[in-house]
Each structure stands twice: as C-alpha cells, then as structure tokens.
Amino acid sequence: MSETYTKLDIITRPDKFEELKNALVDIGVEGMSVSNVMGSGTQKGMTTKYRGTDYTAQLLPKIKVEVVIATTPVQDVVDKVYEVCRTGNIGDGKIFVYPVENIYRIRTGESGAAAITNKE
Amino acid sequence: MSETYTKLDIITRPDKFEELKNALVDIGVEGMSVSNVMGSGTQKGMTTKYRGTDYTAQLLPKIKVEVVIATTPVQDVVDKVYEVCRTGNIGDGKIFVYPVENIYRIRTGESGAAAITNKE
Amino acid sequence: MSETYTKLDIITRPDKFEELKNALVDIGVEGMSVSNVMGSGTQKGMTTKYRGTDYTAQLLPKIKVEVVIATTPVQDVVDKVYEVCRTGNIGDGKIFVYPVENIYRIRTGESGAAAITNKE
Ligand SMILES: Nc1ncnc2c1ncn2[C@@H]1O[C@H](COP(=O)(O)OP(=O)(O)OP(=O)(O)O)[C@@H](O)[C@H]1O
Ligand SMILES: Nc1ncnc2c1ncn2[C@@H]1O[C@H](COP(=O)(O)OP(=O)(O)OP(=O)(O)O)[C@@H](O)[C@H]1O
Ligand SMILES: Nc1ncnc2c1ncn2[C@@H]1O[C@H](COP(=O)(O)OP(=O)(O)OP(=O)(O)O)[C@@H](O)[C@H]1O
Ligand SMILES: [Mg+2]
Ligand SMILES: [Mg+2]
Ligand SMILES: [Mg+2]
C-alpha cells in the first residue's frame with residue numbers, strides 16, 4: 001500500500017478549541033479526538049519568584065487535539081492552525097507530527113484511508 | 001534488534017470498555033492505558049439542526065484504549081476489537097496503529113519486548 | 001533534514017510527578033504534557049480474589065508524561081526516569097518511545113528542533 005497517514009497533536013489554548021474544530025472540518029479533516037493536558041514548554045527556563053518560592057516548569061492547562069489525516073495535506077492543517085491559534089504571544093502552543101501505520105473502521109472492517117473517509 | 005513493537009489506539013463506546021479489556025487480556029495483550037476523549041468523526045459533514053442552531057462536528061464522549069504490543073499480532077487485536085465493539089451502527093469507532101521504537105520497564109531497566117512481557 | 005525527534009510516554013506513579021518534572025527540566029527537556037490515565041500492566045495474569053469476585057486486569061491510576069525531544073538524548077531521559085521513579089516494586093511503570101516526523105511552533109511558524117528550543 002502506498003497510502004500514508006499522519007497524526008498531528010495540536011496543543012494550544014483551550015479557548016481556541018471551538019474555532020479550531022470548525023476550521024479543521026472546513027478543510028476536510030476526517031475527525032478528531034480532544035482531551036485536556038497540563039503542559040509546560042519553553043518558558044520553563046525562566047524561573048519566576050512567587051511569594052518567596054521559585055517556580056520552574058509551571059504547568060498550564062492546554063487542550064490536545066489529535067487529528068489523523070489520510071487525504072488532507074499536513075501543511076493545510078498546519079496553516080489552518082496558524083490562522084486560528086496564532087496570537088503572537090507565548091502560549092500559542094505546538095504541533096507534533098507522527099507517522100501512522102494503519103487505520104481501521106470498527107463498524108465495517110475497512111482499513112487505510114477508507115477507514116476515515118466517507119464514500120458518498 | 002529485529003523486534004518490532006506497535007501501539008494501537010482503540011477509540012470506541014465507553015460502555016464497551018469492560019468487555020474489551022477482558023477480551024484483550026484473553027488474547028495475551030501485555031497491558032493497556034485508558035483515558036476519556038471527546039471525539040468527532042465521519043458524521044461531521046451531516047449538519048444537524050437543534051433548536052434553530054446548526055451543529056457540525058458535534059463532540060461525543062469516547063474511550064481511548066492505548067495498547068502497546070510486542071508479541072501479540074496486530075491482527076489479533078483488530079479482530080478482537082471487531083468481535084467486541086462492532087454493533088454495526090455509527091459510533092463503533094476507529095483503530096489507529098502507530099510504530100513504537102522502544103520500550104523500557106522502569107523497575108528493572110529491561111528494554112524491548114522483555115519490558116512488557118512476563119518471564120514466568 | 002537530518003534532524004530526528006522522539007516522543008517518550010512515561011507512565012508512572014502519580015506521586016512521582018513533581019520530582020520527575022523538575023529532574024527532566026534539569027537535563028534540558030524542552031517541555032512536557034501531563035495527563036491522567038487508568039492502566040493495567042503485567043500483573044494482569046495474577047487474578048486477585050476480592051469479596052468473592054475475580055479481579056483480572058485491575059486498573060490503577062497512573063500519570064502519563066509526554067515528552068518530545070530534539071536535542072536531549074533519549075538515554076538521558078530514560079536514565080533520569082530510572083533515577084527518580086524506580087522504587088524496585090511493581091507499579092514503577094513503563095517508558096514507550098515513538099518516532100516524531102516534525103514539530104511546529106504556532107507563535108512563530110518555526111519547525112523542526114527550532115520549534116521546541118529557545119534561542120537565547
Ligand atoms: N517538548 C515538548 N514535549 C511535549 N509537550 C510539549 C513540549 N513543548 C511544549 N509542549 C506542550 O505544548 C504546550 C505549549 O508549549 P510552550 O509553552 O512551549 O508553548 P508556547 O508558550 O506557546 O510556545 P512559545 O513559548 O515557544 O511561544 C505546553 O504547555 C505543553 O503541553
Ligand atoms: N480522523 C480522525 N482523527 C482523530 N480521531 C478520529 C478521527 N476519526 C475518528 N476519530 C475518533 O474516533 C471516534 C469515532 O469516530 P467516528 O465518529 O468516525 O466513528 P464512527 O461513528 O464509529 O464511525 P463510522 O461513522 O465510520 O461508522 C471519534 O469520536 C474520534 O474520537
Ligand atoms: N502493553 C502496554 N500497553 C499500554 N500501556 C501499558 C502497557 N503495559 C503497561 N502499560 C501502562 O503502564 C502502566 C504500568 O505498567 P505495569 O503495571 O506493567 O507496570 P509495573 O507494575 O510498574 O511494571 P512491572 O510489574 O513490570 O514492574 C500500566 O498501568 C499501564 O498504564
Ligand atoms: Mg512557551
Ligand atoms: Mg461516525
Ligand atoms: Mg506491573
């Protein structure tokens with residue numbers, strides 16, 4: 001099979017989720033799974049003093065949107081995330097891209113790209 | 001090392017979890033991690049009107065079962081998921097398959113397949 | 001691009017998290033995302049009787065720490081996890097290592113290692 005599938009983890013501000021979800025649907029993303037994480041990123045080196053205590057690697061609430069794509073180009077998703085989630089301030093988040101070996105649709109037993117795309 | 005390891009994310013109906021967990025143990029799956037996600041899938045294109053508002057990409061509660069396997073064949077897991085989770089209705093869910101580079105058992109320092117299999 | 005990136009899922013005891021987070025920052029880990037999972041592992045075969053019922057594959061609360069690294073060696077993370085999380089008792093947990101294809105910083109559009117490392 002020469003199909004390739006990719007997973008993106010989009011970790012961003014919780015208040016961007018509704019707009020992001022609709023924007024991803026608009027560009028043809030086949031589905032998504034959303035969960036809450038606590039995250040720390042590149043601010044970690046900058047220790048903050050708060051009431052006499054050093055706070056390094058403070059954890060902030062983020063949403064993680066997992067998107068597996070088969071026919072939508074990765075770059076389309078990345079560009080759409082930039083459009084919706086970029087404020088220019090720290091906290092905008094990160095996108096991590098992973099290889100996917102296969103996909104199965106439990107209802108029908110279809111595999112590969114067909115497992116996440118609609119026929120009609 | 002010629003060993004290969006694989007991760008499966010099984011995203012399905014929450015009420016199938018107990019039966020699925022026991023079925024996976026029966027076929028020799030070495031362990032699993034379970035969490036809740038909110039998901040949307042291939043229904044997304046079908047906009048629903050509810051009290052005058054369009055609902056696209058509505059999110060539904062799903063469970064995500066993460067299973068890393070070393071000696072159990074991927075197909076055995078897929079077949080067992082079909083057996084337990086297929087109702088034939090939309091909402092049965094998806095399986096995503098990912099490559100795994102290595103595994104470590106924190107207690108002993110074992111790596112590879114040995115890190116998730118029992119010796120006895 | 002000859003850069004490689006790696007993701008580690010560290011699944012361990014919740015009460016080790018604070019110490020682990022600080023230890024990972026100390027070795028230069030660029031960020032992390034933390035969530036709660038319920039897990040079962042290699043004890044699963046050992047059925048426990050509790051009030052007359054067989055409990056197999058009992059689920060225990062664990063934390064999952066996801067760490068994507070670009071410049072920090074995998075072995076440094078693994079060694080640090082052993083140092084902090086190994087008690088020698090069952091329940092110390094597992095580390096799963098995954099390939100990462102790319103990384104994007106949403107704020108700036110940087111990709112690759114530059115997306116998770118600080119310039120200053
Ligand atoms: N190396 C990493 N591994 C795993 N998760 C990470 C990593 N770096 C960042 N994250 C996740 O992404 C979230 C956003 O990261 P970070 O704080 O670096 O972003 P940011 O503040 O938007 O970025 P920047 O400061 O570069 O503008 C973090 O809270 C964490 O959940
Ligand atoms: N492309 C995707 N990327 C990430 N997660 C997805 C994707 N497609 C589906 N999911 C996850 O899987 C869950 C089930 O998907 P979906 O609703 O498509 O399944 P289904 O209704 O059982 O399938 P079908 O409608 O094909 O019978 C979703 O709620 C979501 O959590
Ligand atoms: N094969 C697996 N696939 C997915 N997650 C797993 C797997 N094995 C273990 N886990 C996760 O890791 C956690 C710890 O696993 P396990 O109970 O095997 O570890 P442990 O008791 O510390 O190990 P050991 O008994 O080998 O010392 C589990 O609760 C589960 O969340
Ligand atoms: Mg930051
Ligand atoms: Mg569906
Ligand atoms: Mg165990």
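Chains as they are written, first to last, in UniProt numbering: chain A, 1 to 120; chain B, 1 to 120; chain C, 1 to 120.
Beta carbons: idealized from backbone N, C-alpha and C, even for Gly.
Note that the structure is a prediction, hence the values are computed from the model and not measured.
State the start and end residues of the unbroken alpha helix (DSSP H) segment that holds A:Asp76. Per DSSP, A:Asp76 belongs to the alpha helix (DSSP H) from Val74 to Cys85.
If you measure from the beta carbon of B:Asn102 to each beta carbon in chain A, is any gap under 9 Å? No, B:Asn102 does not count as interfacial toward chain A.
Please tell me whether residue 133 of chain B has its Cβ less than 9 Å away from any Cβ of chain C. A query on residue 133 of chain B cannot be resolved here, the shown segment of chain B reaching from 1 to 120 and no further.
When you compare only the Cα positions, how much space is there between C:Ile90 and B:Arg107? Each residue's alpha carbon lies about 7 Å from the other.
Assess, as a yes-or-no matter, whether the region 23 to 32 of chain B is touched by the region 95 to 107 of chain A under the definition of 3 or more beta carbon pairs within less than 8 Å. Counting C-beta pairs with one atom in each stretch, the region 95 to 107 of chain A and the region 23 to 32 of chain B have fewer than three that are closer than 8 Å, which means they do not touch.
Rounded C-alpha distance that separates B:Thr87 from C:Glu83: Cα-Cα distance, rounded: 47 Å.
Please report the distance separating the alpha-carbon of C:Thr6 from that of C:Tyr104. Those two C-alpha atoms are separated by around 14 Å.
Taking Cβ positions, are B:Val74 and B:Ile10 nearer each other than 9 Å? Cβ distance not < 9 Å, so B:Val74 and B:Ile10 don't count as in contact.
Let me check you understand the geometry: is the CB of A:Thr6 closer than 8 Å to at least one non-hydrogen atom of ligand 2? Not so, every heavy atom of ligand 2 lies at least 8 Å from the Cβ.
Should A:Glu101 be listed as close to ligand 2, given that the test is whether its C-beta is under 8 Å from any heavy atom? For ligand 2, not one heavy atom lies less than 8 Å from the Cβ of A:Glu101.
Cβ neighbour criterion (16 or more within 10 Å) applied to A:Thr4: With fewer than 16 other Cβ atoms inside 10 Å of its own Cβ, A:Thr4 counts as exposed.
May I ask you to report which of helix, strand or coil DSSP gives A:Asn36? Correct three-state label for A:Asn36: strand.
Does the distance between the C-beta of B:Tyr106 and the nearest non-hydrogen atom of ligand 1 fall short of 8 Å? Here residue 106 of chain B turns out to be Ile, not Tyr, going by the sequence shown. B:Ile106 Cβ: outside cutoff for every heavy atom of ligand 1.
Cα-Cα separation between C:Asp26 and B:Lys62, rounded to whole angstroms: Taking the CA atoms as reference points, C:Asp26 sits about 37 Å from B:Lys62.
Taking 8 Å as the cut-off, is the beta-carbon of A:Ile27 closer than that to any non-hydrogen atom of ligand 2? No, Cβ of A:Ile27 sits at least 8 Å from all heavy atoms of ligand 2.
Contact with chain B by A:Thr12, beta-carbon distance below 9 Å: No, no contact with chain B.
Ligand 1 and C:Met32: does the residue's C-beta get closer than 8 Å to at least one heavy atom of that ligand? The closest heavy atom of ligand 1 lies less than 8 Å from the beta carbon of C:Met32.
Residue span of the alpha helix (DSSP H) that contains C:Asn22, given as start and end: Judged by DSSP secondary structure, C:Asn22 falls within the alpha helix (DSSP H) whose first and last residues are Phe17 to Asp26.
Give the range of the beta strand (DSSP E) segment to which A:Glu66 is assigned. Residue range Leu60 to Ile69 is occupied by the beta strand (DSSP E) that includes A:Glu66.
Residue-level contact to chain A via CB, C:Tyr98, 9 Å cutoff: Judged by the 9 Å Cβ criterion, C:Tyr98 is in contact with chain A.
Burial state of C:Gly39 (16 or more Cβ within 10 Å): C:Gly39 should be labelled buried.
Is any non-hydrogen atom of ligand 1 found closer than 8 Å to the C-beta of B:Phe17, if you look at the structure I gave you? Every heavy atom of ligand 1 is 8 Å or more from the Cβ of B:Phe17, so no.
Is A:Gly109 close to ligand 2? I mean its beta-carbon at under 8 Å from any heavy atom of the ligand. No, the Cβ of A:Gly109 stays beyond 8 Å of every heavy atom of ligand 2.
Nearer than 8 Å: is that true of the beta carbon of C:Leu60 relative to any heavy atom of ligand 1? Because no heavy atom of ligand 1 lies under 8 Å away, the Cβ of C:Leu60 does not count as near it: no.
Alpha-carbon to alpha-carbon, A:Thr117 and A:Val78: Spanning the two alpha carbons is a distance of roughly 20 Å.
Using the Cα positions of B:Glu110 and C:Lys16, report the straight-line distance between them to the nearest angstrom. Going from the Cα of B:Glu110 to the Cα of C:Lys16 covers about 20 Å.
For B:Tyr5, three-class secondary structure by DSSP: Here B:Tyr5 sits in strand by DSSP.
Look at the alpha carbon of C:Asp76 and the alpha carbon of B:Gly112, and state the distance between them as a whole number of angstroms. Whole-angstrom Cα-Cα distance: 17 Å.
Taking the C-alpha atoms as reference points, what is the distance between A:Leu60 and A:Glu19? Using only the alpha carbons, I get a separation of about 20 Å.
Just to confirm, does B:Ser35 get its C-beta within under 8 Å of one of the non-hydrogen atoms of ligand 1? No.
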